[in-house]
Amino acid sequence: MAATRRPSRRLREDRILAAVLLAPALLIIAVVTIYPLLHSFWISLHAWNLMKPKEGNPFVGLDNYINTLTDPIFLDSLRVTIIFTIAAVVIEISLAMGIALILNRKFIGRGLVRMLALLPWAVPAVVNGIMWKWILNPSYGALNGLLYSLGLIDEYVIWLGSPELALAMVVVADLWKETPFIMLLLLAALQTIPKDLYEAATVDGANVVQSFFRITLPLIQPVLFVAIALRTIWALKSFDLIYTLTAGGPSNGTSVVGYYTYIKSFVSLQLGRGAAVAYIMTLFVLILVYIYYRVLYRKVEY
Amino acid sequence: MKRTFSISLFILVVFALLVSACGTEATPTAEPTQAVVEPTEAPTEVPAEAPAPTEAPVAEPVTIRALIRPDEGGNVAKYAAQFEQETGNKVAVDFVGWAEIHDKTVTTLASGGGGYDIDFIPSANVVEFASGGWFEPIDDVIPADQRDQWLQTVLDLYTYEGSLIANPWYSGGAHMAYNKDILTTAGVDPASIKTWDDFMNACKTIKETGAAEFCFSPSAKYPGEFYYNVGSIVAAMGGEFFDADGNPVFQDDGMTLKAFQLMKDGIDNGYFDPAGVALDDYETLIEFGTGKTAFLLDSTWSVTNANRNPDVSQILDKVGYILIPGEGSQTSGGYLYAGGLGILKTSENKEVAKQFLQYLTQEEAQKQHAIDGANMPTRVALFKDADIATAWAGFETLADQLNYGKFPPQFTWFEEWRRSLATATQEVMTATKTPEEAVQWLVDETNRLKAQ
């Protein structure tokens, strides 16, 4: 009886080997992820001003969280972030789905089109921001030049001149960059769906729309969940595009929470506040992803 | 067991080697001052005509590290090379652009200096950077009996809690330039523009005659544009933003309201380019350089380069300068900026660093800096230098502008306040808020920031 409870020598050896093999990775994760995570939470409970080392870092409890949640600029940033995220995620998923469905069909030059469609995703976010800054320049931007030469506008538009239009342009720049990745995920999912399901549906008289909603959508739901969750998280933590394209302006109209966190941490140098904002957003993201999981995630069986 | 032991041992050895390899690589970064013990090249003999150092030459050549913005790269490289040749010490400079230098400096200071000996301190961040006590007092670099050779306002700016914490390197500020052709076409005499009312009348004439698409483009994209829009306009009108304790007073003298109203009127009447809300000071320079606007309110570098740099301007030698218009008895005004070089307390080569500071800010180096880099010097004598005056058309007017200027207030929360001012300015320009609402909002914001 005792022999059955005690693991065999070989099993013990394997466990030791596994522990040794995992140790370096665990050590690295502990140093670069777990420690900063805990330390930043510790910072968020203190008045931690980078430029006032003489004043120390007194414990302030939840003051940083309370001050953040009552800061009208933060609440405005949260509003902008939610609008940006909803607009970006909804349009990107719809657009990516459409492109993926097209690229999933056979046509001449499909490989080339697939490759070209992925190019924007390969552009670094900062480069994307700078590129769109040039495209949208009110005096010599390419977009104004194009629309004017096509006769679609009578005078040059100040694309980043009002909070609403600037936010719309930020969404456009984000769409251009991020849609290819979602398209790639969805395309990969589409290619796993057995063709005979569609053939059977066609035999049963189902049209294209019915096939999409009854076969395609349910079967790619796990990937769709991943795509929506990833894009939501990325959109909520957007920073580089805003930093390079609009600097949060005009009138804070494009100041998302990621940018607000940067301002608090590296402009105001209030690391405690910055850490508190980051934790508030983390909590927000966790709740959102949990909701997504409950609503969207389904185990798929063919 | 033997197999497990062998594999485990192998992994541990590999891991240990990796860690030790990382440690070896990291050493120069973590402790860069170690590098100074061993010079990277043989010391050269100090020539007899080398500038007299403040102390006896150090016995062992060292390497000093500096963190500086790249705009002065040519000047720094030239004089660093001379310094190296004459003293045998090496100078390693990390250039960091304007957009990143604030954040880079903050993290460098907070992490114990990052191995740097010399750090660039912009005028906007003197108190912010100095409040941590990271900078070495360098009063001996400019002895008391030589202080009258330097611009007093800049010396005062870089004096923190009674000690000089940076060697003034260059100065500058907001200036007003105009396109001579446009004003001639419109029949506007630039000498007649003394007040902001005169300015708006000139804009009206320019608009009516169609001499230019716009009279003026106020850059308002970034908080730093404070110098080139409402900030300098308020200063030129004689207004103040704060009292000595940092309490907002701009709602009392009416000048901020008037400046906001001026921006609104300019845009509503089609005098000012509304695109300015999304443009930075470089982009408004480009606009001015293409002849789209008649006036330019911009930095010393920008207004000078509008007249002589074909890369940014198509109106070379057609640019004139006037004092920024004033208000009532106030002739002119505007905000100034400066650059200084401080020595970190963590530096292990303070004396060599001081020598280099003196070398880089000596009269000849500043003169070349002014001629090549289009920045004003910080030595008084150079404001009457014939070579600089020859190199810069309109140098007298530009230099005169500095007499009316002042430096922005030095509060630790000023950087964030500038952001709020930029937001208020943008809201007026986009008609999101009325000038009155913008002033009230800014008062509330100022009190909130101050209370944090």
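Chains as they are written, first to last, in the working numbering: chain A, 4 to 305; chain B, 111 to 562.
Think of the CB as a built atom: it goes at the ideal place given N, C-alpha and C, for glycine as much as any other residue.
Hey, residue i and residue j: beta-carbon distance below 8 Å or not?
{"i": "Ala284 of chain B", "j": "Tyr445 of chain B", "result": "yes"}
{"i": "Thr410 of chain B", "j": "Met486 of chain B", "result": "yes"}
{"i": "Leu106 of chain A", "j": "Arg113 of chain A", "result": "yes"}
{"i": "Thr400 of chain B", "j": "Gln424 of chain B", "result": "yes"}
{"i": "Asp255 of chain B", "j": "Arg175 of chain B", "result": "no"}
{"i": "Gly386 of chain B", "j": "Met539 of chain B", "result": "yes"}
{"i": "Leu433 of chain B", "j": "Gln511 of chain B", "result": "yes"}
{"i": "Met365 of chain B", "j": "Trp306 of chain B", "result": "no"}
{"i": "Phe205 of chain B", "j": "Pro180 of chain B", "result": "yes"}
{"i": "Leu395 of chain B", "j": "Val422 of chain B", "result": "yes"}
{"i": "Leu274 of chain B", "j": "Leu261 of chain B", "result": "no"}
{"i": "Ala279 of chain A", "j": "Thr71 of chain A", "result": "yes"}
Expressed to the nearest angstrom, what Euclidean distance is found between the alpha-carbon atoms of residue i and residue j?
{"i": "Arg297 of chain A", "j": "Val226 of chain A", "result": "14 Å"}
{"i": "Tyr295 of chain A", "j": "Ile236 of chain A", "result": "11 Å"}
{"i": "Thr177 of chain B", "j": "Ala480 of chain B", "result": "Reading off the sequence shown, one finds Leu at residue 177 of chain B, where the question assumed Thr. Taking the straight line joining both Cα atoms gives about 21 Å."}
{"i": "Phe77 of chain A", "j": "Val260 of chain A", "result": "7 Å"}
{"i": "Val203 of chain B", "j": "Ala125 of chain A", "result": "33 Å"}
{"i": "Tyr300 of chain A", "j": "Val229 of chain A", "result": "9 Å"}
{"i": "Ile248 of chain B", "j": "Pro278 of chain B", "result": "11 Å"}
{"i": "Lys455 of chain B", "j": "Phe336 of chain B", "result": "32 Å"}
{"i": "Val211 of chain A", "j": "Ile185 of chain A", "result": "22 Å"}
{"i": "Ile218 of chain A", "j": "Leu200 of chain A", "result": "8 Å"}
{"i": "Ser80 of chain A", "j": "Thr247 of chain A", "result": "17 Å"}
{"i": "Val63 of chain A", "j": "Tyr263 of chain A", "result": "21 Å"}
{"i": "Asn377 of chain B", "j": "Pro384 of chain B", "result": "The sequence shown places Ile at residue 377 of chain B, rather than the Asn named in the question. Taking the straight line from one Cα to the other gives about 6 Å."}
{"i": "Thr488 of chain B", "j": "Ala448 of chain B", "result": "9 Å"}
{"i": "Thr315 of chain B", "j": "Asp375 of chain B", "result": "15 Å"}
{"i": "Asn339 of chain B", "j": "Leu104 of chain A", "result": "51 Å"}
{"i": "Gly275 of chain A", "j": "Leu222 of chain A", "result": "45 Å"}
{"i": "Glu194 of chain B", "j": "Ala463 of chain B", "result": "12 Å"}
{"i": "Glu350 of chain B", "j": "Ile89 of chain A", "result": "43 Å"}
Within 10 angstroms of the Cβ of residue i, are there 16 or more other Cβ atoms? Answer buried if so, exposed if not.
{"i": "Val35 of chain A", "result": "exposed"}
{"i": "Gly222 of chain B", "result": "exposed"}
{"i": "Val129 of chain A", "result": "exposed"}
{"i": "Thr73 of chain A", "result": "exposed"}
{"i": "Ser439 of chain B", "result": "exposed"}
{"i": "Ser47 of chain A", "result": "buried"}
{"i": "His42 of chain A", "result": "exposed"}
{"i": "Asn255 of chain A", "result": "buried"}
{"i": "Thr218 of chain B", "result": "buried"}
{"i": "Val490 of chain B", "result": "exposed"}
{"i": "Asn140 of chain A", "result": "buried"}
{"i": "Gln194 of chain A", "result": "exposed"}
{"i": "Thr257 of chain A", "result": "buried"}
Contact criterion: CB-CB distance below 8 Å. Does residue i meet it with respect to chain B?
{"i": "Ser271 of chain A", "result": "yes"}
{"i": "Leu299 of chain A", "result": "no"}
{"i": "Leu29 of chain A", "result": "no"}
{"i": "Ile32 of chain A", "result": "no"}
{"i": "Gly252 of chain A", "result": "yes"}
{"i": "Gly275 of chain A", "result": "no"}
{"i": "Ile161 of chain A", "result": "yes"}
{"i": "Pro61 of chain A", "result": "no"}
{"i": "Gly132 of chain A", "result": "no"}
{"i": "Gly164 of chain A", "result": "yes"}
{"i": "Ser2 of chain A", "result": "The structure shown has nothing for residue 2 of chain A, since chain A only spans 4 to 305."}
For chain A, check one thing: does any of its Cβ atoms lie closer than 8 Å to the Cβ of residue i?
{"i": "Glu165 of chain B", "result": "Because Glu165 of chain B sits at a pLDDT of 49, beneath the cut-off of 50, its placement in the model cannot be relied upon, and the point is left open."}
{"i": "Ser442 of chain B", "result": "no"}
{"i": "Gly242 of chain B", "result": "yes"}
{"i": "Asp378 of chain B", "result": "no"}
{"i": "Pro300 of chain B", "result": "no"}
{"i": "Asp213 of chain B", "result": "yes"}
{"i": "Tyr332 of chain B", "result": "yes"}
{"i": "Gln536 of chain B", "result": "yes"}
{"i": "Pro384 of chain B", "result": "yes"}
{"i": "Thr403 of chain B", "result": "no"}
{"i": "Thr542 of chain B", "result": "yes"}
Is the region 367-378 of chain B in contact with the region 141-155 of chain A, if contact means three or more CB pairs nearer than 8 Å? When Cβ pairs closer than 8 Å are counted between the two stretches, the region 367-378 of chain B is seen not to touch the region 141-155 of chain A, the count staying below three.
contact_flag[the region 287-297 of chain B, the region 313-328 of chain B] where n(CB pairs < 8 Å) is 3 or more: Yes, they touch.
Indicate whether the contact test is met: 3 or more Cβ pairs, each with one atom in the region 464-484 of chain B and one in the region 405-423 of chain B, closer than 8 Å. Touching, yes.
Is it true that the region 525-534 of chain B meets the region 547-554 of chain B, where meeting means three or more beta-carbon pairs spaced less than 8 Å apart? The region 525-534 of chain B makes contact with the region 547-554 of chain B: 3 or more CB pairs, one atom from each, lie closer than 8 Å.
Note down, in chain order, all residues in the region 95-120 of chain A with a beta-carbon under 8 Å from any beta-carbon belonging to chain E. In the displayed structure, chain E is absent; the protein chains listed are A and B.
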